[in-house]
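Please read the structure below before turning to the comments.
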Amino acid sequence: MDNTPVEKVDIMSYAGRWFVIYALPATVDKSWRDTTETYVIHPDGYYAVFTTYRLPGDDGQKYVRSKLFVVRGTGNAEMKSQFVWPVRVDYWIIELAEDYSYAVVGHPKQKQLCILSRKPFLDEELAAEIIERCRRKGYEIAKLVRQPHVNPHAGKSSHQDASWNSN
Numbered sequence: 001m002d003n004t005p006v007e008k009v010d011i012m013s014y015a016g017r018w019f020v021i022y023a024l025p026a027t028v029d030k031s032w033r034d035t036t037e038t039y040v041i042h043p044d045g046y047y048a049v050f051t052t053y054r055l056p057g058d059d060g061q062k063y064v065r066s067k068l069f070v071v072r073g074t075g076n077a078e079m080k081s082q083f084v085w086p087v088r089v090d091y092w093i094i095e096l097a098e099d100y101s102y103a104v105v106g107h108p109k110q111k112q113l114c115i116l117s118r119k120p121f122l123d124e125e126l127a128a129e130i131i132e133r134c135r136r137k138g139y140e141i142a143k144l145v146r147q148p149h150v151n152p153h154a155g156k157s158s159h160q161d162a163s164w165n166s167n
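Residue numbers 1 to 167, in the UniProt record's numbering, belong to the letters of the sequence shown in order.
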């Protein structure tokens, strides 16, 4: 299965809040939990991205800002993420639900992977199918980390465990 971006992404439909359900963590975000990303269309034509997260043992919410630039001529499915100027990192939307209820963000060299949902959870069967497709595209799913999200009403996590286990 090829690791390629989807054909087309509607910029307006992709905007808004996403919950990070699974991720191949980078050094900077490997201990993040309860992570959300909110994409706001900036008048200058890029997404202003507001990422919120929590660290283990710390009830306080942290945040970081970044920018996401659409690569012209890619159907809006290839973007460049920028946390620090001038460095930009590939951000490919490799899978997207027709109703924009979930998205899978990948990288041309399978270095990063993020499964996003509009809700703080994703149906377990659907998640397993998505993860299997990512495995077939060459991603190291054994390193995939589940991001628990705290239910503010119950004070409990929306997930039972914190890592992907294919057994």
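Don't be surprised by glycine CBs; every beta carbon is placed ideally from N, CA and C.
Taking all protein chains shown into account, do 16 or more other C-beta atoms lie within 10 angstroms of the C-beta of residue i, making it buried, or fewer, making it exposed?
| i | result |
| --- | --- |
| residue 55 | exposed |
| residue 1 | exposed |
| residue 140 | exposed |
| residue 40 | exposed |
| residue 142 | exposed |
| residue 73 | exposed |
| residue 33 | buried |
| residue 18 | buried |
| residue 61 | exposed |
| residue 86 | exposed |
| residue 26 | exposed |
| residue 128 | exposed |
| residue 167 | With a pLDDT of 36 at residue 167, under the threshold of 50, the predicted position of this residue should be treated as unreliable, and no value is reported. |
Checking 8 angstroms against the spacing of the C-beta atoms, do residue i and residue j come in under that value?
| i | j | result |
| --- | --- | --- |
| residue 97 | residue 7 | no |
| residue 115 | residue 46 | no |
| residue 24 | residue 126 | no |
| residue 137 | residue 3 | yes |
For residue i, which residues from the same chain have a beta carbon less than 8 angstroms from its beta carbon, with the 5 sequence-adjacent residues on both sides left out?
| i | result |
| --- | --- |
| residue 82 | 66, 67, 68, 69, 88, 89 |
| residue 12 | 41 |
| residue 71 | 78, 79, 80 |
| residue 75 | 5, 6, 7, 8, 9 |
Could you please give the first and the last residue of the uninterrupted beta strand (DSSP E) stretch that includes residue i?
| i | result |
| --- | --- |
| residue 37 | 33 to 41 |
Given residue i, which residues of its chain have a CB within under 6 angstroms of its CB, disregarding the five upstream and five downstream residues?
| i | result |
| --- | --- |
| residue 109 | none |
| residue 101 | 118 |
| residue 52 | 36, 61, 63 |
| residue 92 | 5, 78, 106 |
| residue 131 | 141 |
| residue 48 | 40, 42 |
| residue 95 | 104 |
Tell me, which residues are paired with residue i by DSSP?
| i | result |
| --- | --- |
| residue 79 | 70, 91 |
| residue 114 | 23, 105 |
| residue 49 | 39, 66 |
| residue 96 | 103 |
Would you kindly report the start and end of the unbroken alpha helix (DSSP H) that includes residue i?
| i | result |
| --- | --- |
| residue 122 | It is not in any alpha helix (DSSP H) - residue 122 carries neither H nor E in the DSSP assignment. |
| residue 14 | 11 to 14 |
Counting only the same chain and skipping the five closest in sequence on each side, list residues whose C-beta sits under 7 angstroms from that of residue i.
| i | result |
| --- | --- |
| residue 14 | 39, 100 |
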